[in-house]
Amino acid sequence: MGGTMRRLKFHTCGNFKESYHEELTIFETDFGRLWILIGILLLFVLIPFISSPYTLYILNTIGIYAIAAVGLNILIGYTGQISLGHGAFFGVGAYTAAILGTKAGVPFWLSVPAAGLFTAAVGMCFGIPSLRLKHLYLTIATLAGQFIIEYVLVQWEGLTGGPEGMIVRTNTLFGLDLSNDRIFYYIIFICFVIMTWASVNLIRSKYGRAFIAVRDNDRAAEGMGIPVFQYKLLSFAISSFYAGLAGGLYAYHMMSITPEPFNLWLSIEFIAMIIIGGLGSIPGSVFGSIFIVTLNEVLSYATEVLMNMGSSMGVAITIAPLREFVFGLAIVLFIIFEPKGIAEVWRIVRSNFRLWPFSY
Amino acid sequence: MEFFLQLLVNGISLGFLYAISALGFVMIFKSSSVLNFAHGELLAIGAFLFFTLSSWAKLPIGIALLLTMIGCFALGFIIERFFLRPLIGEALIEVIMLTVGLAAMFRGLLLFVFGGDIHNYPKFLPDTLSVNWGCIQIPSVYIATFIIGIVFLILFGLFFKFSSQGIYMRSVADNQLAALSLGVHVRRVFAMSWAIAALVAAMSGIVLGIINGINVHELSSVGLKVFPVVILGGLDSIGGAILGGLIIGLLETFTGGYISTSLREIIPYIVLVFILMVRPYGLFGLVEIERV
Chain A
7 MGGTMRRLKF HTCGNFKESY HEELTIFETD FGRLWILIGI LLLFVLIPFI SSPYTLYILN
67 TIGIYAIAAV GLNILIGYTG QISLGHGAFF GVGAYTAAIL GTKAGVPFWL SVPAAGLFTA
127 AVGMCFGIPS LRLKHLYLTI ATLAGQFIIE YVLVQWEGLT GGPEGMIVRT NTLFGLDLSN
187 DRIFYYIIFI CFVIMTWASV NLIRSKYGRA FIAVRDNDRA AEGMGIPVFQ YKLLSFAISS
247 FYAGLAGGLY AYHMMSITPE PFNLWLSIEF IAMIIIGGLG SIPGSVFGSI FIVTLNEVLS
307 YATEVLMNMG SSMGVAITIA PLREFVFGLA IVLFIIFEPK GIAEVWRIVR SNFRLWPFSY
Chain B
6 MEFFLQLLVN GISLGFLYAI SALGFVMIFK SSSVLNFAHG ELLAIGAFLF FTLSSWAKLP
66 IGIALLLTMI GCFALGFIIE RFFLRPLIGE ALIEVIMLTV GLAAMFRGLL LFVFGGDIHN
126 YPKFLPDTLS VNWGCIQIPS VYIATFIIGI VFLILFGLFF KFSSQGIYMR SVADNQLAAL
186 SLGVHVRRVF AMSWAIAALV AAMSGIVLGI INGINVHELS SVGLKVFPVV ILGGLDSIGG
246 AILGGLIIGL LETFTGGYIS TSLREIIPYI VLVFILMVRP YGLFGLVEIE RV
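Residue numbers (my numbering), protein chains in the order written: chain A, 7 to 366; chain B, 6 to 297.
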């Protein structure tokens, strides 16, 4: 019996890799595979049925942001190109999906990927400056992109509805009602699993290695024959595709959109997600989006509680601005004390368990 | 013609404001290559500190100004010591995000303490400063801005040219390693440049506050306007910042006057993209050519 069955792989007590192939595997052990399977089962079978509508709403938000954060991590964490325009790209995706779905009557399953593709094109436009610009100059170019896109979203009233925004017509997918949060949960998380799987594999491919080479030393990369500009542009396109797709889902999730949420602050939140989660780590982007969305919710809950407390005592305590303070503090503390983010903490905790009782 | 002249005057005044707001930013960039996203908040902190001291504590203007300068100098020192120093040698994104985080912290605190309303300073500028040539009116605040701006510029020029600290700063900006090996205390230079930049930012914040009233949102958005200004002038050139400020100021008022008021806010950024494409190191910036 044992002859046909593959031997199960367990953690070794050191680094015994003998080939590049082993270095590249996603699952080092069969435990990893098992945990992923358990995770997916929990995600799709258990969680949607035990969650309250509010939790489900939060989870949907986390899922959408996580898709965008994974995409941004490909650009910033793996290719080393900083974009301050992803909030606007997310908005472009949302508006594209909304306009296609509502005004052109394109079905849901087509409009969301189309939003991704269109955003990828827009992202590439703002990636073109990377032909000449590096580092902080590129960052500033994307900052300008953020403001220009915001302006277009507000001013092009005929198409986007201006500052009042637009209502996204409720759509159906294969006869399922998308306004139902639980059904939408499945759609978001199926997209999330596919996109995460795609990004993990992208990083292992030739393209991913080229991205990392560009990040680590672009001159050396060029010297090794990697066309740096093309890969930077590709990275911009892929990352904007993720942002656009997430934006499209966001539009259908929210049912109505205005230009307001897609501001510079959203771009900063996205970057905060991947910095707090861990630059250059796909699970890190997911941890980061969970952290930021949860932090936002906790802070708005705390604000509400304190406001109520204040009004019952007859003093109006407005701690709403302190949300911004705590948010900034979280970013600063993570950068100073754990620059590799939650992914690193997670790795340390795991290896402590693995090496127990000989961890030190 | 009248309209044109008035726009010209407004544009130059606005440009001067941008220019002096950009000075502190350029200082930090010049010595430590840090892109400071918290610059607008530094402006706001200075403006509000002065507001607290002059209107709330009712100190005489001179003393309030002096205390504000000392306070902001110390603040710059503290920011460098506790937040920026641990990051020396880290990746660009981390430094940028740190300043973004600081910006959020400062903005949150200021909004918590002072709220989002517009506050005003008590009137202390003499009316005799204002100019009224027939059709053109220049209020006294603008004249004061002009004087302050020119004084700053001269002081800065002298500081960088002759004082030993200024020369250290230039040497660090030019080549950190060489400066280090020649015995320049690089960390002290970083701390000094943050402290001086915070001080200059406070002064600019006060001037902005006198003209437009002090408002947290308004002042922190000026911090972002600084980017087109300094990119146009060249990130590490103080003279460039002045010229960049004037160009952006004129561009804004003329767009607002002749084309549309909504385009006014965005035109600096559109110009920014074009400059970056054509001449990324700005008008006077140090050209580093790297063909990758």
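Ideal Cβ positions, reconstructed from N, Cα and C, are used throughout, including at glycine.
This one's a predicted model, so the numbers in the text were calculated from it and none came from an experiment.
Shown in chain order are the members of the region 139-158 of chain A whose Cβ falls below 8 Å from a Cβ of chain B: Leu-139, Lys-140, His-141, Leu-142, Tyr-143, Thr-145, Ile-146, Ala-147, Leu-149, Ala-150, Gly-151, Phe-153, Ile-154 and Tyr-157. Take the alpha-carbon of Gly-171 of chain A and the one of Ile-354 of chain A: they are about 46 Å apart. Rounded to whole angstroms, the separation of the alpha carbons of Gly-188 of chain B and Ile-42 of chain A is 56 Å. Within the region 30-59 of chain A, the complete alpha helix (DSSP H) segments of 4 residues or longer fall at 36-47 and 53-56, listed in chain order. About 15 Å separates the beta carbon of Leu-277 of chain B from that of Gly-20 of chain B, a gap too long to meet the 8 Å contact definition. A Cβ-Cβ distance of about 6 Å is found for the pair His-44 of chain B and Ala-206 of chain B, placing them in contact under the 8 Å criterion.
Not flagged as an interface residue toward chain A: Gly-261 of chain B, since no C-beta distance is shorter than 8 Å. Neighbourhood of Leu-335 of chain A in chain B, by CB distance below 9 Å: Gly-106, Ala-109, Met-110 and Gly-113, in chain order. Against chain A, the CB of Glu-99 of chain B has a partner CB under 8 Å away; the residue lies at that interface. According to the DSSP assignment, Phe-164 of chain B belongs to the alpha helix (DSSP H) that extends over 145-167. Check the Cα spacing between Phe-88 of chain B and each of B:Ala-108, B:Ala-69 and B:Gly-76: the tightest is with B:Ala-108.
DSSP places Asp-183 of chain A within a strand segment (E or B) once states are collapsed to three. Glu-266 of chain A: not part of any alpha helix (DSSP H); DSSP gives it neither H nor E.
Rounded to the nearest whole angstrom, the CA to CA distance from Gly-214 of chain B to Ala-249 of chain A is 38 Å.
With contacts defined as CB atoms closer than 8 Å, Gly-168 of chain A and Val-160 of chain A qualify as a contacting pair. For Ile-211 of chain B, the uninterrupted alpha helix (DSSP H) segment begins and ends at 191-217.
Beta-bridge annotation (DSSP): Ile-173 of chain A is paired with A:Ser-262.
If you check each beta-carbon in the region 61-90 of chain B against every beta-carbon of chain A, the ones closer than 9 Å belong to Phe-87 and Phe-88. Here the alpha carbons of Phe-30 of chain B and Trp-115 of chain A stand approximately 48 Å from one another. Shown here for Pro-127 of chain B: same chain residues with a beta carbon closer than 8 Å to its own, the five before and five after excluded, namely Ser-59 and Ser-60 in chain order.
Rounded to the nearest whole angstrom, the CA to CA distance from Ile-281 of chain A to Leu-270 of chain A is 16 Å. Annotation: Thr-85 of chain A is outside any alpha helix (DSSP H) and is labelled neither H nor E by DSSP. Residues of chain B with a Cβ closer than 9 Å to the Cβ of Phe-331 of chain A are, in chain order, Ala-109, Met-110, Phe-111, Arg-112, Gly-113, Leu-114, Leu-116 and Phe-117.
The beta carbons of Leu-240 of chain B and Gly-171 of chain B sit about 18 Å from each other, so the pair does not count as a contact at 8 Å. Runs of the alpha helix (DSSP H) lying entirely within the region 245-285 of chain B and spanning at least 4 residues, in chain order: 266-269 and 272-283. Close CB contacts of Ala-257 of chain A within its chain, under the 6 Å cut and outside five residues either way in sequence, are with Ala-100, Ala-103, Ala-104, Val-174 and Ile-263 (chain order). Under the rule that a run must span 4 or more residues, the alpha helix (DSSP H) segments found entirely inside the region 21-100 of chain B read 44-56 and 66-84. Within 10 angstroms of the beta-carbon of Lys-109 of chain A lie fewer than 16 other beta-carbons, which makes it exposed. Counting the other Cβ atoms within 10 Å of the Cβ of Gly-254 of chain A gives 16 or more, which makes it buried.
Taking a Cβ-Cβ threshold of 7 Å, none of the residues of chain B is close to Leu-40 of chain A; the smallest such distance is about 35 Å. Along the region 182-198 of chain B, none of the residues has a CB nearer than 7 Å to a CB of chain A. Rounded to whole angstroms, the separation of the alpha carbons of Pro-289 of chain A and Val-351 of chain A is 12 Å.
At a beta-carbon threshold of 9 Å, the residues of chain A lying near Leu-281 of chain B are Pro-135, Arg-138, Leu-139, Tyr-143, Leu-144, Ile-146, Ala-147 and Ala-150, ordered along the chain. In summary, the residues of the region 160-194 of chain A whose CB is separated from some CB of chain B by less than 9 Å are Val-160 and Gln-161, in the order they occur in the chain.
Separation of Thr-150 of chain B and Ser-18 of chain B (C-alpha to C-alpha, rounded to the nearest whole angstrom) is 8 Å.
For Gly-151 of chain A, the enclosing alpha helix (DSSP H) covers residues 141-161.
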